[in-house]
Structures are given as structure tokens and as C-alpha cells.
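Oh and the first sequence: position 133 is 1537 in this note's numbering, straight run, nothing missing.
Working notes, beginning with the structure itself.
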Amino acid sequence: MSFDPRTYLMGLMSTARETVAPENRDTAILIERPKQASHGDFSSNLALQLAKPLKANPREIAIRLIDALPPSALLEKVEIAGAGFINFTLTSVAKTSIVADVLAKGADFGRSSLGAGQKVQVEFVSANPTGPLHVGHGRGAAYGASLSALLSFAGHSVTREFYVNDAGRQMDILALSTWLRYLELHAEPVPFPPNAYRGDYVMGMAVQIRDAHGDRYVHPAEALLACVPPAPEVGRADDEAKRQQEDHLDGLIASAKDLLGEHWSYVHGHVLTEQLADCRNDLEEFGVHFDHWFSERSLFDTGMVESAIARLEQAGHLYVQNGATWFRSTTFGDEKDRVVQRDNGLYTYFASDIAYHLNKYERGFERIIDIWGADHHGYIPRVCGAVQALGLDAKKLEVALVQFAVLYRDGQKTSMSTRAGEFVTLRELRGEVGNDAARFFYVMRKSDQHLDFDLDLAKSQSNDNPVFYIQYAHARICSVLSQWGGAIADLIATDCQPLTGERELALCGRLREFADVIEAAAGELAPHQIAFFLKDLAGDFHSYYNAERLLVDDQPLKLARLALAAAVRQVLQNGLWLLGVSAPEQM
RNA sequence: GCGGCAGUAGCUCAGCUGGAUAGAGCAACGGCCUUCUAAGCCGUAGGUCGGGGGUUCGAGCCCCUCCUGCCGCGCCA
């Protein structure tokens, strides 16, 4: 059975509290890990907390608490320090017991039952399938994947979901863009609108369609342009011109649908399938898997949008104004009410999102985590409002915002503008710095903080690069263990009493911290804490490795050190796995 | 203008939800390779936690206010 010092110390302190302050059983006993090594392995501020109710000097209370502490063979010493902190130092036997614990649990070490099997849905990326994923999506992907792994490791039952926006205007624009390129290939050029999709991949899809179907979908350019509102004059950029441009684009879509008839859905379906496959493939290569790909269009096809809106109507949260149907989101704290159905009868994106969230609740998730780009934060009040208006428990819904990543090369920001279809894609980034560095760099900052992604650093094979620093520690341990040549399984039973050095005990303390880090990181939806922990653990090991030789002649000492190294390796593996980063045996 | 997020060492960032003398990594300076991977280690220096009030035994963290920066504020998605 593994030894948990925190629970153990809480038990001892609880006994002491019973003697010293029987009236104050409600005062929580906190066992903390001091920042400074000289403050012992664990500390409690109970005496400080009791100072007020007992109306006594905290240091005196601390003395009384210590006197009332049951004797323990696992404690090296108990001291009073500072204002009245009680510091505990464990015996080295108690500290080193973690090594056998790690080796016995292996890949499951650190796994927690904190989540108690709670059904959690994590929805992330959910990019429009209208083009390649760019570096902004990459951060959401890396964060969502690591967070999901972390929650799962912490005992939740996690479903990873990608919401496919396959119903909206953007998809129509992509289909139109592709068809326009296709017409160009057949010498029926139509002036290509600047607000259509201009990326090379669009022409690629047009070529595919031509190769498969020849001129089957060709129509004269004049026919297409016949009833379309004109594009604004070239060079104008005022609001009026912008609106004209959008009207022109919508006119082209309507005209194309008209001309192509049922062939429109072929083009639309083709580009959707292509882009979705590309997106999926990109994410799979990045080590990001989804359990469900949820189609927005299915919400319309099955009538879920209508029924969700009807439910809001019944609850009296809708009204009609200027021909449109509005949701009174201001009731729930939003700045203004929001349209759910336009005057032209079409539902807004918000309407299908309401239905989508209703569906999430209906699927029985006890916790729903939406991961959005930080630029969507203004969207939160209306979605939470809709959830409440539907009579659902808004506390189950959490929105985690992910800030943009800014790429730096040679100390300069690299342009990420989407105009002219030129943006840095996730695939390009992965190709340049590798999956490991990309996954790690994306999550090494708090997700709601801006991220400066230094491409040169991510590529560098030096100690500056935290990915290599951690992986190098792992590879070093592999190298030593393979030179020893024994079976790792045999190390589980190793007597770790020879481990008495300061660095060895510090390393044991670090290993013990892993479980705490998992629970804290899962609780705060903060996988970056894993990244920081791994850097610390790798640092502790490198330091130890440089100070002591592992393969010494003294057999018991050698085995104990190898067991410790093997335990460090295991925890590095477990942590890296959570982040989706490989743990190479050689570098 | 309103709302959201942020401001911590020269740079990039942590800071375990209010605890002890605020921590890392770069960059700077000085050391360590005939010995298990120097992609590493050891040491030195570096701070008015944006400013000012407040709350209490105790504040980088909580409240108020001001300054600065980023983002959002469509019958787009």
C-alpha cells in the first residue's frame, strides 16, 4: 500500500486538534508543501488559523499542538517556525518509499479518482472546414487534447468532440469559390471576389472536380452573373463598398445554386468532405483525436434547431422585431438581445448553437467544457443565457478561452494575416518545428495568456529548448539503464534505504508531487502546470546526474539509484504522454 | 464609450485560489568534459509584483480607483 504523507499528517494533526481545540473541529487542516527546503517536507498553518478563535499566540498554540501529536516513526522532526507554522520533516525511509510506488504503478502512477467517473465533454478546435487549420487552431487543438488526457487521467470519463460548421454561409462561399475556379479551368472566368476563398487548395479541389467530371458542371459566366448585384468598384474600401461586396457574393451563391440545381450539393458535399478529411488527417498527425465529429447540419435535418427555438418561445424568451426573431438574452446579463432567426427566415449561427448545447445536455454530460478562441469571449453571456432560458443547469457549462499564439522568427513577429489566402498553417508549423515541440510550446503557457511562439527556439537542439531538456533527461536515464542491463521489474523490490543524499531525497519529493500536480492541473483546466513540473523534474535529475554516478560498484547503492532513475523516467513518460510529446530513448 | 483579459528581473513566463526571505528559463558574468549522453551541471548578479488607497495576524493574489496594452461589442461564423 502506498504511503500518502498528506493524509497521514492530517490524521496526526486531527488528533492534536482534538486535544488542543476540541471546540474547533471545523477548522480545516491544511497540509502544504513549503517552498523552502529548510521548512521541511510539509507544513501546517493550523496554529495560525486557531489563533483568533482561541485568542492566543499562534506560536503557543503550535507548541501545544506538537505536544499533543501522536508519536510517529515516519517523522524525522517537527518544528515551529515563523509566525507559528508547524514544519514536518519525514524520515528518508518515508520519502524514498515513493520509488517503489512509482515503479509498481508504472504508466498509471499519478492517475487519480478525483473525477469519480464524471461524464465530461470537451469540445475543441471546431474550425470551419473551409480551409487548412492555421496556427491559431493548433493551440486550441494542443490545449484541448492535453486537457482531455489530463481530465481522463484524473478520473473523468471524457468525450472529445469536434463541432463541424457544415451548415452556414462560409461553406457556401467555399463551394462557390471552388466552382468559380472550376469555371476558370474551363475558360469561363468570372471575376473572383476578394471576399471568397483564394487559397491554392481551392484550385486544387477545382482540378479534382474537373478531372473526375470534365465539363459536366460548366455554365456560361454570363448566365451566372445575370441577376447578381454588381461588385463595388475596385479600390473602394468604405462600409458601403463592403456591404456591396457581400451582397455580390451572396448573389453569386444564389445564382450558382439556381444554375447548378442538385449539382450544387455535389460541389458543396465534395469540398466539405475534402476539407474535413484534410483537417482530420492534420489533427491525427498532430496526435489529436476526437471521439465525435458533430455535424451542425444534422441539427437542422433532425429538427433540433426548430424544437430548441420553440422551447425558448414557449418559455417566453423570444420576441419579434423588424421581421426577425430575437432571444431576450439581456434577461441573463447579456449586453443586448440577439437574433435567432433573420427576417429572411434563416436561422443564425447562434440558433444552431443553442440547439447544439441543448443536445449536449440531453446526452447526459455532467460537465460540458467549450474551448473557444479568446476573441469569442463576448459570445459567452448569450450561450449561458440560452442554456438558462432552456431551464438547464448553467453551472455544468464551462468555457475555456484560448488566446492567440504569435509566431516569432529571428525575433520578429511573422505575419498571420488571412488575406490572399496566405496564412501559416498548422501543417507548416508542424513541418518546421516537429510535433513534439509544437505540442509542448502550445501548452507551456497558461491557455488564456497570449503565447509568444519562438520558432527558432522550438527548433533549436539546445538546453534553451525545454522540450529537448526534458526529453534529454529521459534519454539519459534510458542510456544508463540499458548499460546496466538488468530488468526494470526487478527494481520494484529494491531497498531504497541507501538513498540518503540531499539530491536523492529532493528527487523523491518531486516524484511525490506529481499526483498533486495532476489534481491541481485538472482542477484548474491548466495543463501548462504539467509542463512546468516536467521542467523541474528534468532539472532535478540533470543536477543529480552531474553530481553522482549511478553505476557504482556498491551493489545496494547502485540498485537503489537505478530504481530512483527508473522512477524518474516513468514519471517523465507519464507527464510527456499527457502533453502528447514523445519520450525518446535516444537522442 | 461599454465589456473581457492582462501588467511580476533586461526578455519570455510561473506563483499550488490569502501564508514564511516573490521563483524558473533565456540574456550577462565566472567556473566544470581521459569517468554512466556537456542537448548537461555549479556559482554570481539582477525586483517599488503598473501607481495610489483599503480589507487583516499576514496581500503578487481579495475590494475601490487611476494609468497602460491586447481583444470583443453584426439579422458573420
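Every residue gets a Cβ at the ideal spot worked out from N, C-alpha and C, and that includes glycine.
When Pro1409, Glu1436, Ala1466 are compared against Ala1420, the one with the closest alpha-carbon: Along the first sequence, one-based indexing puts residue 1420 at 16. The residue with the shortest Cα to Cα distance from Ala1420 is Ala1466.
Among Ala1571, Gly1835, Ala1969, nearest to Arg1914 - alpha-carbon criterion: For the purposes of this step, residue 1914 is identified with residue 510 of the first sequence, where counting begins at 1. When each option's Cα is compared against that of Arg1914, the closest is Ala1969.
Pro1536 classed as buried or exposed, judged by whether at least 16 other C-beta atoms fall within 10 angstroms: Within the first sequence, the letter at position 132 stands for residue 1536. Buried: at least 16 other Cβ atoms inside 10 Å.
Rounded C-alpha distance that separates Gly1639 from Arg1602: As a working note, residue 1639 is residue 235 in the first sequence. As a working note, residue 1602 is residue 198 in the first sequence. Rounded to the nearest angstrom, the two C-alpha atoms are 18 Å apart.
With 16 other Cβ atoms within 10 Å as the buried cut-off, status of Lys1459: Along the first sequence, one-based indexing puts residue 1459 at 55. It counts as exposed.
Uninterrupted beta strand (DSSP E) stretches inside the segment 1482-1559 (no shorter than 3 residues): 1489-1494, 1523-1527
Cβ-Cβ distance between Arg1468 and Phe1446 below 8 Å: Within the first sequence, numbered from 1, the residue matching residue 1468 stands at position 64. Within the first sequence, numbered from 1, the residue matching residue 1446 stands at position 42. Against a cut-off of 8 Å, the Cβ pair of Phe1446 and Arg1468 comes out as no contact.
Sequence-distant residues of the same chain with beta carbon closer than 6 Å to Ala1553, five excluded per side: Reading the first sequence from its first residue, position 149 is the one you call residue 1553. Leu1982, listed in sequence order.
Backbone CA spacing between Ser1821 and Arg1786 [nearest angstrom]: For this step, residue 1821 is matched to residue 417 along the first sequence. For this step, residue 1786 is matched to residue 382 along the first sequence. Legend: pLDDT at Ser1821 = 47, less than 50; position of this residue unreliable, no value from coordinates given.
Three-state class that DSSP yields for Leu1434 in the structure shown: Against the first sequence, residue 1434 aligns to sequence position 30. Reduced to three states, the DSSP call for Leu1434 is coil.
Simplified DSSP state of Ser1406, which is helix, strand or coil: Taking the first sequence and counting its residues from 1, the one referred to as residue 1406 is at position 2. In this structure, Ser1406 counts as coil in the three-state DSSP scheme.
Cβ contact check for the segment 1562-1571 and the segment 1838-1850: 3 or more pairs under 8 Å: no
For Ala1824, the three-state DSSP class (helix, strand or coil): For this step, residue 1824 is matched to residue 420 along the first sequence. The predicted position of Ala1824 is uncertain, since its pLDDT is 41 and thus under 50; a value taken from the coordinates is nonetheless stated next. In the structure shown, Ala1824 sits in a helix (DSSP, three-state: H, G or I).
Residues bridged to Ser1986 (per DSSP): If you number the first sequence from 1, residue 1986 lands on position 582. Note: Ser1986 sits in no beta bridge, so no partner.
Nearest to Thr1734 (by Cα), restricted to the options Ser1659, Gly1789, His1878, Ile1775: In the first sequence, residue 1734 corresponds to position 330, counting from 1. Considering only alpha carbons, the answer is Gly1789.
Residue nearest to Leu1833 in terms of C-alpha spacing, selected from Ala1441, Asp1852, Gly1815, Asp1858: Stepping through the first sequence from its first residue, residue 1833 is reached at position 429. Closest option to Leu1833, Cα to Cα, is Asp1858.
Ile1874 beta carbon less than 8 Å from that of Val1972: For the purposes of this step, residue 1972 is identified with residue 568 of the first sequence, where counting begins at 1. For the purposes of this step, residue 1874 is identified with residue 470 of the first sequence, where counting begins at 1. No, Cβ-Cβ distance for Val1972 and Ile1874 is not below 8 Å.
Close Cβ partners of Val1622 (< 7 Å) along its chain, the five nearest in sequence each way excluded: By one-based count along the first sequence, residue 1622 stands at place 218. Contacts found: Leu1587, His1590, Glu1592.
DSSP state of Gln1865 mapped onto helix, strand, coil: Counted from its first residue, the first sequence places residue 1865 at position 461. Reduced to three states, the DSSP call for Gln1865 is coil.
Sub-8 Å separation of Ala1967 and Leu1885 beta-carbons: Indexing the first sequence from 1 puts residue 1967 at position 563. Indexing the first sequence from 1 puts residue 1885 at position 481. Not closer than 8 Å, so no.
Exposed unless 16 or more other CB atoms sit within 10 angstroms - verdict on Ser1677: Numbered from its first residue, the first sequence carries residue 1677 at position 273. Per the sequence shown, residue 1677 should be read as Thr rather than Ser. The residue in question, Thr1677, is exposed, as its Cβ has fewer than 16 Cβ neighbours within 10 Å.
Anticipated Cβ contact below 8 Å, Glu1928 with Leu1518, distance rounded: As a first step, residue 1928 must be located in the first sequence, where it is residue number 524. As a first step, residue 1518 must be located in the first sequence, where it is residue number 114. With 8 Å as the limit, Glu1928 and Leu1518 do not qualify as a contact, their Cβ atoms being about 12 Å apart.
N- and C-terminal bounds of the alpha helix (DSSP H) containing Tyr1876: Within the first sequence, residue 1876 is the residue found at index 472, counting from 1. Looking at the DSSP string, the run of the alpha helix (DSSP H) that includes Tyr1876 is 1870-1888.
As assigned by DSSP and simplified to three states, the class of Asp1958: What you label residue 1958 is simply residue 554 of the first sequence in a count that begins at 1. Coil, per DSSP.
Residues bridged to Lys1817 [DSSP beta-bridge criterion]: Mapped onto the first sequence, residue 1817 falls at position 413. Answer is Tyr1812, bridged to Lys1817.
Boundaries (first-last residue) of the beta strand (DSSP E) holding Glu1565: Against the first sequence, residue 1565 aligns to sequence position 161. Residues 1561-1568.
Under 8 Å between C-beta atoms of Leu1376 and Leu1796: Look at the range of the chain in this structure, 1405 to 1991, and you will see that residue 1376 is not part of it.
Status (buried if at least 16 other CB within 10 Å, exposed otherwise) for Arg1647: For the purposes of this step, residue 1647 is taken as the residue at position 243 of the first sequence. Its Cβ having fewer than 16 others within 10 Å, Arg1647 is exposed.
Per-residue burial, Ala1824 [other beta carbons within 10 Å of its own, 16 or more giving buried]: Your numbering for residue 1824 matches position 420 in the first sequence. The predicted model places Ala1824 with a pLDDT of 41, which falls under 50 and marks its position as unreliable; any figure quoted below should be read in that light. Its Cβ having fewer than 16 others within 10 Å, Ala1824 is exposed.
Range of the contiguous beta strand (DSSP E) that encloses Gln1725: Taking the first residue of the first sequence as 1, we reach residue 1725 at position 321. Element bounds for Gln1725: 1722-1725.
Under the three-state DSSP convention, the category Glu1689 falls into: Within the first sequence, numbered from 1, the residue matching residue 1689 stands at position 285. Residue state, collapsed to three classes: helix.
Neighbourhood of Glu1770 by C-beta, 6 Å cutoff - its chain only, sequence neighbours within 5 removed: Residue 1770 sits at position 366 when you count from the first residue of the first sequence. Correct list, in chain order: Gln1522, Lys1523.
Exposed unless 16 or more other CB atoms sit within 10 angstroms - verdict on Asn1461: As a working note, residue 1461 is residue 57 in the first sequence. So Asn1461 counts as exposed.
Short Cβ contact (8 Å threshold) for Val1847 with Ser1550: What you label residue 1847 is simply residue 443 of the first sequence in a count that begins at 1. What you label residue 1550 is simply residue 146 of the first sequence in a count that begins at 1. Yes, Cβ-Cβ distance for Val1847 and Ser1550 is below 8 Å.
Closest by C-alpha distance to Ala1926, when choosing among Ala1520, Phe1945, His1721: Reading the first sequence from its first residue, position 522 is the one you call residue 1926. Selected option, being the one with the closest Cα: Ala1520.
Identity of the residues DSSP links to Ser1659 by a beta bridge: In the first sequence, the residue the question calls residue 1659 occupies position 255. According to DSSP, Ser1659 bridges with nothing at all.
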